[in-house]
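Protein sequence lines correspond, in order, to chains A and B. Letter by letter, the first sequence follows residues 0 to 326 of numbering that gives the first Met the number 0. Letter by letter, the second sequence follows residues 0 to 326 of numbering that gives the first Met the number 0. Built from N, CA and C at the ideal position, the CB exists for glycine as well.
There are 2 protein chains.
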Amino acid sequence: MVTIQEVAKKAGVSTATVSRVLNNRETVKEKTRIRVEQAIQELKYEPSALGRNLRNSESRLLLVLIPSISNPFYTEIINGIEDTAISKGYNILLCETDSNPKREAIYFNMVRNRLADGIILMDPTVNRKNLYDLASRHPIVQCSEFDEQGEISYVTIDNELAAYQAVKHLIKIGNRKVALINTDEKYLYARERRRGYEKALQEFDLPIESKWMRETGHLGFEGGQQAMRSLLNEADKPNAVFSVSDVLAIGAMKEIQLQGLKVPDDIAVIGFDKISFSNMTNPTLTTIAQPMYKMGCTSANMIINKIRGKEVESLILDHELIIREST
Amino acid sequence: MVTIQEVAKKAGVSTATVSRVLNNRETVKEKTRIRVEQAIQELKYEPSALGRNLRNSESRLLLVLIPSISNPFYTEIINGIEDTAISKGYNILLCETDSNPKREAIYFNMVRNRLADGIILMDPTVNRKNLYDLASRHPIVQCSEFDEQGEISYVTIDNELAAYQAVKHLIKIGNRKVALINTDEKYLYARERRRGYEKALQEFDLPIESKWMRETGHLGFEGGQQAMRSLLNEADKPNAVFSVSDVLAIGAMKEIQLQGLKVPDDIAVIGFDKISFSNMTNPTLTTIAQPMYKMGCTSANMIINKIRGKEVESLILDHELIIREST
DNA sequence: AACATAAATGTAATCGATTTCATAAAATGT
DNA sequence: ACATTTTATGAAATCGATTACATTTATGTT
Numbered sequence: 000m001v002t003i004q005e006v007a008k009k010a011g012v013s014t015a016t017v018s019r020v021l022n023n024r025e026t027v028k029e030k031t032r033i034r035v036e037q038a039i040q041e042l043k044y045e046p047s048a049l050g051r052n053l054r055n056s057e058s059r060l061l062l063v064l065i066p067s068i069s070n071p072f073y074t075e076i077i078n079g080i081e082d083t084a085i086s087k088g089y090n091i092l093l094c095e096t097d098s099n100p101k102r103e104a105i106y107f108n109m110v111r112n113r114l115a116d117g118i119i120l121m122d123p124t125v126n127r128k129n130l131y132d133l134a135s136r137h138p139i140v141q142c143s144e145f146d147e148q149g150e151i152s153y154v155t156i157d158n159e160l161a162a163y164q165a166v167k168h169l170i171k172i173g174n175r176k177v178a179l180i181n182t183d184e185k186y187l188y189a190r191e192r193r194r195g196y197e198k199a200l201q202e203f204d205l206p207i208e209s210k211w212m213r214e215t216g217h218l219g220f221e222g223g224q225q226a227m228r229s230l231l232n233e234a235d236k237p238n239a240v241f242s243v244s245d246v247l248a249i250g251a252m253k254e255i256q257l258q259g260l261k262v263p264d265d266i267a268v269i270g271f272d273k274i275s276f277s278n279m280t281n282p283t284l285t286t287i288a289q290p291m292y293k294m295g296c297t298s299a300n301m302i303i304n305k306i307r308g309k310e311v312e313s314l315i316l317d318h319e320l321i322i323r324e325s326t
Numbered sequence: 000m001v002t003i004q005e006v007a008k009k010a011g012v013s014t015a016t017v018s019r020v021l022n023n024r025e026t027v028k029e030k031t032r033i034r035v036e037q038a039i040q041e042l043k044y045e046p047s048a049l050g051r052n053l054r055n056s057e058s059r060l061l062l063v064l065i066p067s068i069s070n071p072f073y074t075e076i077i078n079g080i081e082d083t084a085i086s087k088g089y090n091i092l093l094c095e096t097d098s099n100p101k102r103e104a105i106y107f108n109m110v111r112n113r114l115a116d117g118i119i120l121m122d123p124t125v126n127r128k129n130l131y132d133l134a135s136r137h138p139i140v141q142c143s144e145f146d147e148q149g150e151i152s153y154v155t156i157d158n159e160l161a162a163y164q165a166v167k168h169l170i171k172i173g174n175r176k177v178a179l180i181n182t183d184e185k186y187l188y189a190r191e192r193r194r195g196y197e198k199a200l201q202e203f204d205l206p207i208e209s210k211w212m213r214e215t216g217h218l219g220f221e222g223g224q225q226a227m228r229s230l231l232n233e234a235d236k237p238n239a240v241f242s243v244s245d246v247l248a249i250g251a252m253k254e255i256q257l258q259g260l261k262v263p264d265d266i267a268v269i270g271f272d273k274i275s276f277s278n279m280t281n282p283t284l285t286t287i288a289q290p291m292y293k294m295g296c297t298s299a300n301m302i303i304n305k306i307r308g309k310e311v312e313s314l315i316l317d318h319e320l321i322i323r324e325s326t
């Protein structure tokens, strides 16, 4: 491996001068610069970021932790993070955690070990102690999911309000038997959206029936499909479904159609996230749009500010109800 | 920041001993070990991987470059890579390149700069010179996409054969007017699958008609939808479509149904990839399954072997035709 | 007790860069 | 031509770990 020493030797200068050329710092005579650059070329020198980072104690790398890359929900957020980070001279690395504490620990350690400067966390809080342990010593922000009791900065939307509006919409178009397809309540959004669902029912004096509520461990389509199948087995079938994610809603629609029922005539369906697929289904899916790209940008800005030692404030962004054919 | 020196001082030993405790290397007396561990605890010492990596000149990090994380095609491959890498003590980092040479360069440089030990590349070859420049000096393997003329090891499937079988299936069930929805031929798979399509037509003495071939720049659903719309504008409409990806096929189905036609009765559709969505559509999509998880495992093994200085051989894995309702 | 051997620990060099401070060389002023 | 300021460069310390080699301490043998 070619080192800065060999370049210095070849160019007949000191390593200090080579370093100056490398970082186009201060004043280096044109003639020397050219000689050094030639030596770099000839030797195909590639500076080691390890040496540099060790000296500067920064890596300009951001870690983005997501439970699963296969979930289309994260796509736009990541785009926002990426664009913002790159514009500020940081690179991002995606880390899939599977919500697995062990995997998470690996990536947390990358920050502890200065391989990365900070973390944007989109996982639900798995191990509160580990998280706060890290947060107390290293830059970290939460995006979308966050810990209610904690003091880690976050950016998110008002999930309860959004769910409330979605269910209210279902009720207003004439459905009095609204079911809920939820995910594991380890997710904060799951808890909040259930609250919004219940709040809307209460407001219209509708009963909160556990026979119309399902919780699925599987975040994929199959989860929605299974939940819907189970709901349709009830003697008293719902005539509308609020699903906490588009993916689940699409699975639910599949099952409804499989049983020969029509969306929205027999059962109306509403999703959450406005993933790109939600426009490809038949019928197209009514859903809640989150400002995902903006959430990404915001969280990137927050973490970079934190790395630079600034104080940052948590933010709640606006969402929007997108009414389409399924309701 | 707490360093190994401070720990050594606190424990009343040398840094060498602390390092030995850290790496549970060689022989350290139980009593000393405990003293050191206590000091580490008390000071909340977190070793810097930078120092370590610099000395050992390895990072145990693998970069995985994909054009877009939103493409569900990559999901299973990444799972395979991840599982294999972790079992061998490597961590992986996902890098989204957008097939953008600039982004790619950033990640290539991470390897040049020893921030990562090697790269698994799933991008089409954008800049042949850069690629071979990197490959000549650092470990890299290609997965799925690869450079036909190059000498970089790869793992992939026989795209031409798979496409040939798909189209043959369409013809055998009675369709003589088979259209092709393809992507940009910068992708090797696009070139190969077109060849397979043409080969099947030739074998059955069917003409290769450019009026039934479309190439879309957009890899999302909309791309498939637009291509299908354009195909349906032809005076002489096809009665079957081979689409080089499930995502495009789903877009195409959407458009067919939008125009009041039935799949597969009026137009049969076949996709490629067997993404999880392909089972959620109505009708379910006939497709070609690639051994994605295995491709992931294989490419991870290959890159790790390469990093360890071993010679590795390219591999072509088997695919499978999955016949469902759309044909 | 004396010696040989094994185990435990320390010293100092090392990895590859950056940077402070000192010094040499060039430019400028009188 | 000489003093002074400015500019360019080099020597050596530094970042935080690991490790070869040296040295000390412990253990066993006769």
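By DSSP's assignment, M212 of chain B forms a beta bridge with B:L179. In this structure, Q224 of chain B sits near K253 of chain B, with a CB-CB distance shorter than 8 Å. Within chain B, the residues placing a beta-carbon under 7 Å from that of N112 of chain A are E45, P46, S47 and A48, ordered along the chain. If you draw a straight line from the Cα of M109 of chain A to the Cα of A48 of chain B, it is about 8 Å long. Between S152 of chain B and V140 of chain B, the C-beta spacing is below 8 Å. Just measuring C-alpha positions, the residue of B:I33, B:S135, B:S298 and B:T2 sitting nearest L53 of chain A is B:T2. Annotation: the continuous alpha helix (DSSP H) that includes T16 of chain B extends over T14 to L21. The CB of T74 of chain B comes closer than 9 Å to the CB of S67, I68 and S69 in chain A, given here in chain order. In this chain, S86 of chain A is not harboured by any beta strand (DSSP E); it is covered by the alpha helix (DSSP H) spanning Y73 to S86. Between E95 of chain A and chain B, the shortest Cβ-Cβ separation is below 8 Å. When C-beta atoms of the stretch 234–252 of chain B are compared with those of the stretch 116–134 of chain B, fewer than three pairs fall below 8 Å, so the two segments do not count as touching.
Looking at B:K8, B:D157, B:P206 and B:I274, the one whose alpha-carbon comes closest to that of R175 of chain B is B:P206. From the beta-carbon of E81 of chain A, the residues of chain B found nearer than 7 Å are E95.
Boundaries of the beta strand (DSSP E) around E319 of chain A: E319 to I321.
Distance check between S86 of chain A and each of B:Y188, B:I105, B:F220 and B:L42 places B:I105 closest, using alpha-carbon atoms only. Annotated as distal: L260 of chain B and R323 of chain B, with beta-carbon spacing of 8 Å or more.
Listed in chain order, the positions of the stretch 243–275 of chain A with a beta carbon within less than 7 Å of a beta carbon of chain B are I249, G250, K253, Q256 and S275. In the DSSP assignment, E95 of chain B falls within the unbroken beta strand (DSSP E) covering N90 to E95.
Against N52 of chain B, the close residues of chain A are L49, in the order they occur along the chain (beta-carbon pairs closer than 7 Å). Between G270 of chain B and S242 of chain B, the CB-CB gap stays under 8 Å. Among the bridge pairs identified by DSSP, T155 of chain A is matched with A:I315. Taking a Cβ-Cβ threshold of 8 Å, the residues of chain B close to I77 of chain A are I68 and E95, in chain order. Of all residues in the stretch 187–203 of chain B, none is placed with a Cβ closer than 7 Å to any Cβ belonging to chain A. According to the DSSP assignment, L64 of chain A belongs to the beta strand (DSSP E) that extends over L60 to I65. Note on geometry: alpha-carbon atoms of A7 of chain A and G50 of chain A lie some 16 Å from one another. By the Cβ neighbour-count rule, P100 of chain B is exposed, with fewer than 16 other Cβ atoms within 10 Å of its own. Within the stretch 219–280 of chain B, the runs of alpha helix (DSSP H) that reach at least 4 residues and sit entirely inside it are, in chain order, 220–231 and 245–257. Listed along chain A are S275, F276, N278 and M279, each with a C-beta nearer than 8 Å to that of F220 of chain B. If you draw a straight line from the Cα of H217 of chain A to the Cα of T182 of chain A, it comes to about 8 Å.
For D317 of chain B, the closest of B:T280, B:T26 and B:V154 by C-alpha to C-alpha distance is B:V154. Around I302 of chain B, the same chain offers L61, G117, I119, P138 and V140 as residues with beta carbons nearer than 7 Å, after the five sequence neighbours per side are excluded. Collapsing the DSSP output to three states places A115 of chain A in coil. In the assembly as shown, D235 of chain A is an exposed residue. Its beta-carbon has fewer than 16 other beta-carbons within 10 Å.
Note on geometry: alpha-carbon atoms of V27 of chain A and R19 of chain A lie some 7 Å from one another. Annotation for H168 of chain A: I269, T285, L320, I322 and T326 place their beta carbon closer than 8 Å to its own, counting only its chain and skipping 5 residues before and after.
The beta carbon of S313 of chain A sits closer than 6 Å to the beta carbons of S152 and Y153 from its chain, once the five residues preceding and following it are set aside; these are given in chain order.
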